[in-house]
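Residue numbers (our numbering), protein chains in the order written: chain Z, 2 to 323; chain W, 344 to 693; chain D, 2 to 394.
Just so you know, even glycine gets a beta-carbon here, dropped at the ideal spot from N, CA and C.
This one's a predicted model, so the numbers in the text were calculated from it and none came from an experiment.
Read through the structure below, which is laid out as structure tokens, and then see the notes.
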Amino acid sequence: MAVYILRRITWAIVASLIVLSLTFLLLYFTPDTQLTELQFQAAQAGNDPERVGEAYERYHGLDQPIHVQYLEFMTNMVSLNWGWSETRSQPVTTALVEAIPYSMMYAVPSILLSTILGIGIGLYSATHQYTRGDYAATAFAFFGLSIPDFWFAIVLLVVFGGMLGWVPILFDTSVATVSYANVTQLLLPVTVLTLTSVASLMRYSRAEALEYVEAAFVKTAKAKGVSDRRILYRHIFRPASVPLATILVGDLVGIIFVASYLIEVVFGIPGLGTLSYRAIVNQDTALVVGTVLVPTFLTIIGNLVQDIAYTVLDPRIDYGDR
Amino acid sequence: MTQDDPLLTVENLHTSFHTDDGTVNAVDGVDFTVRRGETVCLVGESGSGKTVACESITQLFKRPPGEITAGSIVFDGIELTNCSERELTDIRGARISHVFQNPQNALNPVYTIGWQLLEAIELHQDVSRAAARAEAVELLDRVGISEASDRLEAYPHELSGGMKQRVMIAMALACQPDLLIADEPTTALDVTIQAQILRLLKDLQAEYGIGILFVTHDLGVVAEIADRVVVLYAGKVMERGTVYDVFETPCHPYTRALLDCLPGRGSLGGIPGSLPDPMAPPAGCRFHDRCPDAVPDCSTGDQPAFESVVGEDHEVSCLHYRTAAEPTVLESGVEPRRPSERTDGGDTHD
Amino acid sequence: MSSDSDSRRNTFEDVDWDEIDDTARPISHRALAIASAYAIFVGGVAYDVLLAPEGDTIASLGLSLQALDWLYILTLLTLVVFGLVPLSEHRRMTAHYWNQFKKNTAAVVSLGYLLVVFAIGSIGPRVLEKPRVDARNAYQPPVFTSVESWLPVDCVGPVVNDRCHGTWAHPLGTTHEGKDILVSVIYGMEVSMQVGLIAAFITVTIATVVGISAAYFGGWVDTVLMRYVDLQITFPTFFLYLVVVYLYGGSLFSMIVIFGLLGWGSIARIVRSEALQRREETYVLAAKNAGASSSWTIRRHLLPNVSNSVITAATLLIPSLILFEASLAFLGLGDPTVPSWGGLIASGRNDLQYAWWISTIPGVFLFGTILAFNFIGDALRDAFDPRSGGGTT
Ligand SMILES: Nc1ncnc2c1ncn2[C@@H]1O[C@H](COP(=O)(O)OP(=O)(O)O)[C@@H](O)[C@H]1O
Ligand code: SF4
Ligand SMILES: [Mg+2]
Numbered sequence: 002m003a004v005y006i007l008r009r010i011t012w013a014i015v016a017s018l019i020v021l022s023l024t025f026l027l028l029y030f031t032p033d034t035q036l037t038e039l040q041f042q043a044a045q046a047g048n049d050p051e052r053v054g055e056a057y058e059r060y061h062g063l064d065q066p067i068h069v070q071y072l073e074f075m076t077n078m079v080s081l082n083w084g085w086s087e088t089r090s091q092p093v094t095t096a097l098v099e100a101i102p103y104s105m106m107y108a109v110p111s112i113l114l115s116t117i118l119g120i121g122i123g124l125y126s127a128t129h130q131y132t133r134g135d136y137a138a139t140a141f142a143f144f145g146l147s148i149p150d151f152w153f154a155i156v157l158l159v160v161f162g163g164m165l166g167w168v169p170i171l172f173d174t175s176v177a178t179v180s181y182a183n184v185t186q187l188l189l190p191v192t193v194l195t196l197t198s199v200a201s202l203m204r205y206s207r208a209e210a211l212e213y214v215e216a217a218f219v220k221t222a223k224a225k226g227v228s229d230r231r232i233l234y235r236h237i238f239r240p241a242s243v244p245l246a247t248i249l250v251g252d253l254v255g256i257i258f259v260a261s262y263l264i265e266v267v268f269g270i271p272g273l274g275t276l277s278y279r280a281i282v283n284q285d286t287a288l289v290v291g292t293v294l295v296p297t298f299l300t301i302i303g304n305l306v307q308d309i310a311y312t313v314l315d316p317r318i319d320y321g322d323r
Numbered sequence: 344m345t346q347d348d349p350l351l352t353v354e355n356l357h358t359s360f361h362t363d364d365g366t367v368n369a370v371d372g373v374d375f376t377v378r379r380g381e382t383v384c385l386v387g388e389s390g391s392g393k394t395v396a397c398e399s400i401t402q403l404f405k406r407p408p409g410e411i412t413a414g415s416i417v418f419d420g421i422e423l424t425n426c427s428e429r430e431l432t433d434i435r436g437a438r439i440s441h442v443f444q445n446p447q448n449a450l451n452p453v454y455t456i457g458w459q460l461l462e463a464i465e466l467h468q469d470v471s472r473a474a475a476r477a478e479a480v481e482l483l484d485r486v487g488i489s490e491a492s493d494r495l496e497a498y499p500h501e502l503s504g505g506m507k508q509r510v511m512i513a514m515a516l517a518c519q520p521d522l523l524i525a526d527e528p529t530t531a532l533d534v535t536i537q538a539q540i541l542r543l544l545k546d547l548q549a550e551y552g553i554g555i556l557f558v559t560h561d562l563g564v565v566a567e568i569a570d571r572v573v574v575l576y577a578g579k580v581m582e583r584g585t586v587y588d589v590f591e592t593p594c595h596p597y598t599r600a601l602l603d604c605l606p607g608r609g610s611l612g613g614i615p616g617s618l619p620d621p622m623a624p625p626a627g628c629r630f631h632d633r634c635p636d637a638v639p640d641c642s643t644g645d646q647p648a649f650e651s652v653v654g655e656d657h658e659v660s661c662l663h664y665r666t667a668a669e670p671t672v673l674e675s676g677v678e679p680r681r682p683s684e685r686t687d688g689g690d691t692h693d
Numbered sequence: 002m003s004s005d006s007d008s009r010r011n012t013f014e015d016v017d018w019d020e021i022d023d024t025a026r027p028i029s030h031r032a033l034a035i036a037s038a039y040a041i042f043v044g045g046v047a048y049d050v051l052l053a054p055e056g057d058t059i060a061s062l063g064l065s066l067q068a069l070d071w072l073y074i075l076t077l078l079t080l081v082v083f084g085l086v087p088l089s090e091h092r093r094m095t096a097h098y099w100n101q102f103k104k105n106t107a108a109v110v111s112l113g114y115l116l117v118v119f120a121i122g123s124i125g126p127r128v129l130e131k132p133r134v135d136a137r138n139a140y141q142p143p144v145f146t147s148v149e150s151w152l153p154v155d156c157v158g159p160v161v162n163d164r165c166h167g168t169w170a171h172p173l174g175t176t177h178e179g180k181d182i183l184v185s186v187i188y189g190m191e192v193s194m195q196v197g198l199i200a201a202f203i204t205v206t207i208a209t210v211v212g213i214s215a216a217y218f219g220g221w222v223d224t225v226l227m228r229y230v231d232l233q234i235t236f237p238t239f240f241l242y243l244v245v246v247y248l249y250g251g252s253l254f255s256m257i258v259i260f261g262l263l264g265w266g267s268i269a270r271i272v273r274s275e276a277l278q279r280r281e282e283t284y285v286l287a288a289k290n291a292g293a294s295s296s297w298t299i300r301r302h303l304l305p306n307v308s309n310s311v312i313t314a315a316t317l318l319i320p321s322l323i324l325f326e327a328s329l330a331f332l333g334l335g336d337p338t339v340p341s342w343g344g345l346i347a348s349g350r351n352d353l354q355y356a357w358w359i360s361t362i363p364g365v366f367l368f369g370t371i372l373a374f375n376f377i378g379d380a381l382r383d384a385f386d387p388r389s390g391g392g393t394t
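Dropping the structure here:
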């Protein structure tokens with residue numbers, strides 16, 4: 002098992018390096034918009050765009066051969082020197098560190114809520130298959146799965162912020178993290194994010210639990226005289242938690258990153274999503290790369306955690322095969 | 344209590360499943376009894392309602408869609424059909440326990456054998472952890488698992504099919520039940536293991552005096568283990584009697600057709616034809632479209648009434664049992680319960 | 002159940018793909034028709050690329066086909082050849098699936114809705130003029146509703162009690178730029194259908210080829226392909242799109258191609274594992290038909306067996322593609338020349354308090370379309386599930 006976990010960790014590192022290398026190649030072969038801009042300005046001011054270009058390249062080390070640039074890039078990346086954000090006039094890592102707490106403020110409660118709700122409702126659905134409660138849960142899941150989150154967010158904002166005035170329309174960064182004002186302004190983001198992420202979790206846990214509701218070993222447990230409640234927790238939920246762990250980390254992470262990107266833009270929360278969006282709009286390449294690498298690395302770590310969780314939870318796993 | 348005291352009396356049992364396509368009357372008016380210390384075999388082709396009949400006793404089948412629509416099940420003076428789910432939970436495993444057909448999935452894959460045995464013990468007995476553990480080791484030992492205390496830490500996937508079935512039996516015996524229901528416990532196992540398990544069951548029965556309701560579609564197994572036999576077809580009882588009577592003087596054409604399928608007997612490919620549609624069983628005798636002895640009367644009215652025939656409590660539901668009855672089995676050399684070493688005849692898996 | 006064995010014989014597994022795509026055999030009329038359809042397509046592309054004057058495909062008809070349109074035609078052609086043709090030729094199979102499918106009312110309604118959206122989205126942009134900016138026409142409310150009369154510059158409908166009422170001239174109202182919302186929504190239908198169908202087509206093609214190759218050839222081919230898939234799946238798709246769109250710009254064509262080229266990992270995995278399950282059987286089969294070529298084995302045996310899961314996975318993939326495109330357009334990172342629903346929603350965002358309809362209406366269509374695909378995907382999964390076919394014991 003130790004060997005297996007070590008192999009997964011190695012793979013995570015290799016994957017990270019590959020991602021970084023690809024990023025380098027993408028950047029290397031893409032025309033630098035800042036350079037084009039500079040040359041354009043130079044040409045308009047009557048200077049020689051060629052010379053400006055050379056100066057720029059020398060300054061940024063772009064006149065070096067590719068392998069030197071590559072090594073330099075990788076060293077910087079690994080040592081967390083992710084470059085300078087031109088538009089924010091601060092190091093990219095500083096900008097990231099400042100933004101992350103705002104993302105976590107609504108993402109963490111939302112992950113907790115959707116995990117509990119998703120698994121709870123899913124188990125209920127599975128054990129009450131084809132009852133009215135199950136149909137209601139299924140309808141709710143389809144609603145959450147299908148509603149475009151950014152659209153739902155603006156509709157909610159207009160209804161509860163604009164028309165009813167229950168929550169503020171503009172996100173206020175000056176309020177204390179633990180304060181009533183902060184709770185009200187995070188209410189809608191948490192709702193939207195939970196709705197989108199709870200749906201797939203619900204469907205998965207229902208399907209997984211259903212596999213086990215009919216399982217022979219559940220009948221064995223019943224024949225032993227185990228109560229329904231204990232059967233649900235000990236004999237259905239516990240084995241279902243193995244595949245669920247996969248979905249929890251794998252799927253949820255994916256959904257949350259995408260959804261939060263749009264949610265932050267809609268609600269004006271200055272987290273990672275907004276940072277990335279601004280960077281794209283303002284053509285701040287270093288910052289764009291930084292804000293995209295964070296979710297990517299988190300996904301890689303998520304996959305790693307999921308693999309390890311699997312080995313801990315499932316005694317049957319065959320290490321040789323993976 | 345005497346040996347003849349009925350431990351379990353099932354009368355006029357009806358169990359139905361309500362599905363999208365219609366209602367399946369899987370068990371359609373079945374009577375039988377099990378006494379202490381005896382083994383009663385339910386036999387019949389796959390799909391004839393044996394499993395449903397067994398699982399009706401402590402209501403293990405899925406509800407809904409399943410439902411006991413009529414009948415009475417009296418266990419040691421308790422009417423089980425009137426019991427609440429709580430009362431049933433207290434009886435299951437403690438007084439009536441089950442062993443299922445396929446040991447492959449019958450144990451929870453994420454818990455150790457020990458965990459699952461301890462659960463069975465601690466659910467119904469107020470004992471300390473250490474005492475329960477000791478008991479678990481003893482149980483495993485008793486069902487013939489070597490190095491029992493090490494095996495407690497094993498996960499189900501680390502055991503063979505036969506081992507798993509032994510664990511299942513150990514679990515079923517954990518609380519010294521009065522009745523053991525074994526639903527094709529050997530069908531999924533290979534022939535040598537099958538013989539060992541049958542022997543184990545017989546020994547345990549002799550030791551604890553439990554009543555066994557044993558389900559099989561294999562008359563070879565019946566001959567080895569049964570005291571009395573109940574032949575089921577399409578949810579109804581066709582014939583019942585002592586194993587000796589049923590094998591010596593089988594009165595029902597269906598019973599005789601089953602006996603013909605024993606190895607070394609005439610018919611090889613099983614009984615021609617198939618079970619009737621469970622949603623719309625035919626009128627008259629349910630066996631009539633496959634019966635070689637059928638006459639026009641067989642396809643009208645209800646299932647023929649039971650009539651007593653030679654032997655002790657030997658009954659048959661057939662219009663023409665008398666003309667059909669011939670002592671065919673004696674000629675073949677298949678003798679019930681003698682010699683008891685008989686282990687062949689186990690390969691008519693379905 | 003007795004009918005079970007019969008009905009099992011009427012599934013995709015039994016479609017004789019040889020009849021459909023094997024032109025090497027004695028040529029049937031069908032094969033000829035299909036081959037010529039693809040030949041005409043290739044000819045058309047060749048003509049457009051090599052001979053046609055810049056920008057015009059057939060100048061006399063005013064017809065100008067872009068790369069995107071050609072790809073869309075190819076997608077639809079393939080959908081017909083590999084979807085509708087087998088369905089119409091294998092009536093029993095079609096009836097079997099239809100009977101399973103129609104148990105799910107929501108899915109049947111969804112199918113109807115999508116067919117209508119597809120039809121309107123295909124015809125509408127051909128006959129309706131592209132919505133134009135017309136400041137004097139801005140903020141017209143939808144018909145049967147009204148808005149305070151100061152909002153529209155020039156109320157087209159009647160003004161009663163200081164409220165401007167909507168008219169049939171703009172049934173769904175207009176945007177802040179005076180664009181007609183109904184027309185924009187109809188244009189958006191085509192965009193969404195193109196995104197969903199073309200990208201899914203590319204995805205499924207690559208996933209099937211990769212998955213089957215990995216399973217069939219095994220060994221290092223399998224290792225390399227699946228390692229790549231591992232890597233691709235690790236990278237969150239949305240952010241990959243984001244970077245590529247940022248670096249290379251977001252024309253609808255490039256966006257669709259990127260979606261198609263980068264999102265096939267998980268379906269390839271499904272295809273591989275399904276195909277692996279059949280490999281044993283295949284060996285037996287190949288031994289029996291000594292001399293059977295590998296292409297024969299793949300076509301005759303591996304392809305049909307994975308088609309069910311691929312169809313289901315593709316149906317469930319389409320809504321997420323449509324949502325991705327809408328999200329990018331909403332962020333303003335989409336194709337600015339294309340009237341996408343996401344862009345329309347974004348355009349009404351700042352006016353939501355006064356002019357609720359601009360963002361709401363296209364959102365309803367987006368929601369409905371995604372919901373419909375999800376319902377259908379769910380119903381297909383049930384219909385293809387062998388366990389749902391007949392009696393279960
Ligand atoms: N959950 C269920 N739903 C519908 N029908 C069922 C269900 N369980 C059993 N049946 C039906 O009851 C009949 C008897 O099944 P069963 O008792 O399992 O047969 P046996 O154990 O004799 O092989 C079969 O026709 C089967 O289709
Ligand atoms: S009643 Fe008739 S059909 Fe039924 S078993 Fe007897 S002879 Fe055969
Ligand atoms: Mg059975």
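Margin query: Could you check whether the Cβ of Gln-444(W) sits closer than 7 Å to any heavy atom belonging to ligand 3?
Written below: Sequence index remark: in the second sequence, residue 444(W) carries index 101 (1-based). Yes, ligand 3 has a heavy atom inside 7 Å of this Cβ.
Check: Taking 7 Å as the cut-off, is the CB of Pro-596(W) close to at least one heavy atom of ligand 2?
Finding: The residue you call residue 596(W) lines up with position 253 of the second sequence. Under cutoff, so the answer is yes.
Margin query: By DSSP's criteria, Tyr-576(W) is part of a beta bridge. Which residues make up the other side?
Written below: Start at 1 with the first residue of the second sequence, and residue 576(W) comes out as number 233. Paired residue(s): Lys-579(W).
Next item on the list: Report the partner residues of Leu-351(W) according to the DSSP bridge assignment.
Entry: Counted from its first residue, the second sequence places residue 351(W) at position 8. Partner(s): Val-377(W) and Phe-418(W).
Note to self: Quick check on the DSSP output: what are the complete alpha helix (DSSP H) runs of length 4 or more inside the region 429-516 of chain W, in order along the chain?
What the structure shows: 456-467, 472-485, 491-494 and 504-516
Notebook entry, point to check: What residues are listed by DSSP as bridge partners for Ala-413(W)?
Noted result: Walking along the second sequence from the start, residue 413(W) turns up at place 70. Its beta-bridge partners are His-357(W).
Check: What is the DSSP secondary structure of Trp-85(Z), reduced to helix, strand or coil?
Finding: Against the first sequence, residue 85(Z) aligns to sequence position 84. DSSP places Trp-85(Z) in strand when its eight states are reduced to three.
Next item on the list: Taking Gln-354(D) as the query, report the chain Z residues whose CB atoms sit under 8 Å from its CB, ordered along the chain.
Entry: Taking the third sequence and counting its residues from 1, the one referred to as residue 354(D) is at position 353. Within chain Z, the residues near Gln-354(D) are Val-159, Gly-163 and Met-164.
Next item on the list: Would you check if the region 243-256 of chain D and the region 176-186 of chain D touch, i.e. whether three or more CB-CB distances between them fall below 8 Å?
Entry: no
Notebook entry, point to check: Three-state secondary structure (DSSP) at Val-161(D)?
Noted result: For the purposes of this step, residue 161(D) is taken as the residue at position 160 of the third sequence. Correct three-state label for Val-161(D): strand.
Next item on the list: Following the continuous beta strand (DSSP E) through Glu-149(D), name the residue where it begins and the one where it ends.
Entry: Here the question's residue 149(D) lines up with position 148 in the third sequence. Taken as a continuous stretch (DSSP letters only), the beta strand (DSSP E) holding Glu-149(D) covers 147-149.
Margin query: Against Arg-395(D), what residues of chain Z qualify as contacts under a CB-to-CB distance less than 7 Å, listed in chain order?
Written below: A query on residue 395(D) cannot be resolved here, the shown segment of chain D reaching from 2 to 394 and no further.
Item checked: Under the three-state DSSP convention, the category Ser-651(W) falls into -> Against the second sequence, residue 651(W) aligns to sequence position 308. Looking at Ser-651(W) - three-state DSSP - the assignment turns out to be strand.
Notebook entry, point to check: Would you say Asp-322(Z) faces chain D, with C-beta separation under 8 Å as the test?
Noted result: Sequence index remark: in the first sequence, residue 322(Z) carries index 321 (1-based). With a pLDDT of only 41 at Asp-322(Z), under 50, the local geometry of the prediction cannot be trusted, and the value read off the model is given with reservation. No, Asp-322(Z) lies away from the interface with chain D (no Cβ there is under 8 Å from its Cβ).
Checklist line | Residues near Asp-526(W) in its chain [Cβ-Cβ closer than 6 Å; skip 5 each side] | finding: One-based indexing of the second sequence puts residue 526(W) at position 183. Thr-394, Cys-397, Phe-443, Gln-444 and Val-558.
Margin query: Let me see if you follow: with CB-CB separation under 8 Å, is Ala-208(Z) close to chain W or not?
Written below: Within the first sequence, residue 208(Z) is the residue found at index 207, counting from 1. It does not; no Cβ of chain W falls within 8 Å.
Check: So, Ala-107(D) versus Phe-374(D), is the Cβ gap smaller than 8 Å?
Finding: Position 106 of the third sequence holds residue 107(D). Position 373 of the third sequence holds residue 374(D). The answer is no: Cβ separation not under 8 Å.
Notebook entry, point to check: Would you call the CB atoms of Ala-287(Z) and Trp-12(Z) closer than 8 Å?
Noted result: Taking the first sequence and counting its residues from 1, one reaches residue 287(Z) at position 286. Taking the first sequence and counting its residues from 1, one reaches residue 12(Z) at position 11. Going by C-beta atoms, Ala-287(Z) is not nearer than 8 Å to Trp-12(Z).
Check: Any heavy atom of ligand 1 closer than 7 Å to the CB of Gly-409(W)?
Finding: Taking the second sequence and counting its residues from 1, one reaches residue 409(W) at position 66. Within the cutoff, so yes.
Next item on the list: Check whether the Cβ of Thr-401(W) lies closer than 7 Å to any heavy atom of ligand 3, and answer yes or no.
Entry: For the purposes of this step, residue 401(W) is taken as residue 58 along the second sequence, with counting starting at 1. False, no ligand heavy atom lies under 7 Å from that Cβ.
Next item on the list: Tell me whether the beta-carbon of Thr-95(D) lies closer than 8 Å to the beta-carbon of Phe-202(D).
Entry: Residue 95(D) sits at position 94 when you count from the first residue of the third sequence. Residue 202(D) sits at position 201 when you count from the first residue of the third sequence. The answer is no: Cβ separation not under 8 Å.
Next item on the list: Below 8 Å on the Cβ atoms is my guess for Glu-149(D) versus Asp-163(D); work out the distance and round it to an integer in Å.
Entry: Position 148 of the third sequence, counting from 1, holds the residue named residue 149(D). Position 162 of the third sequence, counting from 1, holds the residue named residue 163(D). With 8 Å as the limit, Glu-149(D) and Asp-163(D) qualify as a contact, their Cβ atoms being about 7 Å apart.
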